[in-house]
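K.L.:
Reading the sequence shown from the start, the letters are residues 8 to 186 in the working numbering.
We put the beta carbon where it would ideally sit given N, CA and C, even for glycine.
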Amino acid sequence: MRAVYETPRPENCAPPRILIAFYTYSGSTGKLAEVLQRLTGGTLTRLYPSQPYPSRFPELLEQVRREIHSHHYPRLLPVSESPAGYDIIFVGTPNWCGTVAPPLAAWLRRNRTALTGKVLLPFYSHCGGEPGDIAGAVRSLCPQAQVGPAFAACPDEGDLAAKLGVWLTGCGVLPTFAV
Ligand SMILES: Cc1cc2nc3c(=O)[nH]c(=O)nc-3n(C[C@H](O)[C@H](O)[C@H](O)COP(=O)(O)O)c2cc1C
């Protein structure tokens, strides 16, 4: 098996240090992050915008569209984890208007120097609408990182652990998969 992500790690080296950085608005991406944590033993870090998003959908959608179109990167509450100490970083987001939600985009952009050469594995939750290109968006925010294929799931999708396991195995993060 190869991948993770293309640059092979030397044999007998320490296991990769794994960070799972994610933004979730209504909890579905958070559930994916928790299953990933269970499967990989990675460290979870949840991102929060300093200014919470509106709770009503029309205002939320209007604000999100405005931020995406104007490339606005919202301020975030401080987080204790920096990507510098990690080898593989899972980055999670809801699919918002076919792309990465602005809080994750902000974190990626602000950390893009520290993310140089790191393996970034995107995962996202969606409702079956516009698929967009989440991995492509992560790649453009962090052009010096090694971005792998994205994992996508709907909130009500069953057997998340098995599906995530197949993806992790394909990415070379888990040598064999057992839930
Ligand atoms: C502002 C907004 C835009 C969205 N755009 C899309 C979209 O383009 N495609 C899609 O499949 N789902 C879209 N969704 C649905 C979310 O991706 C979906 O509900 C997701 O599971 C939410 O994840 P969360 O619970 O982690 O916030 C959108 C939701 C919101 C609130």
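Who are Ile25's beta bridge partners in DSSP?
P.N.:
Ile25 is bridged to Ile95.
K.L.:
Please return the same chain residues whose Cβ sits closer than 6 Å to the Cβ of Pro109, not counting the five positions on each side in sequence.
P.N.:
Glu74, Pro81.
K.L.:
Between the stretch 109-124 and the stretch 148-158, can you find at least three pairs of beta-carbon atoms closer than 8 Å?
P.N.:
A contact exists between the stretch 148-158 and the stretch 109-124.
K.L.:
Thinking C-beta only, is Val98 closer than 8 Å to Leu84?
P.N.:
No.
K.L.:
Could you pull out every unbroken beta strand (DSSP E) segment of at least 3 residues lying fully inside the stretch 91-149, listed in chain order?
P.N.:
Counting whole runs of 3 or more residues, the stretch 91-149 contains the beta strand (DSSP E) stretches 95-103, 126-132.
K.L.:
Less than 8 Å between the CB atoms is what I'm expecting for Ala157 and Lys170, so what's the real figure, rounded?
P.N.:
Between Lys170 and Ala157 the Cβ distance is about 13 Å, and since that is not below 8 Å, they are no contact.
K.L.:
Quick check: does the Cβ of Thr50 come within less than 7 Å of any heavy atom belonging to ligand 1?
P.N.:
Checking the Cβ of Thr50 against ligand 1 gives no.
K.L.:
Across the stretch 60-68 and the stretch 36-52, are there enough close Cβ pairs to call them in contact, namely three or more that are closer than 8 Å?
P.N.:
In short, these stretches do not touch, since the Cβ pair count stays below three.
K.L.:
So Leu51 is in the beta strand (DSSP E); what residue range does that whole segment cover?
P.N.:
Note, Leu51: beta strand (DSSP E), 50-53.
K.L.:
Per DSSP, what kind of secondary structure is Ala40 in: helix, strand or coil?
P.N.:
Looking at Ala40 - three-state DSSP - the assignment turns out to be helix.
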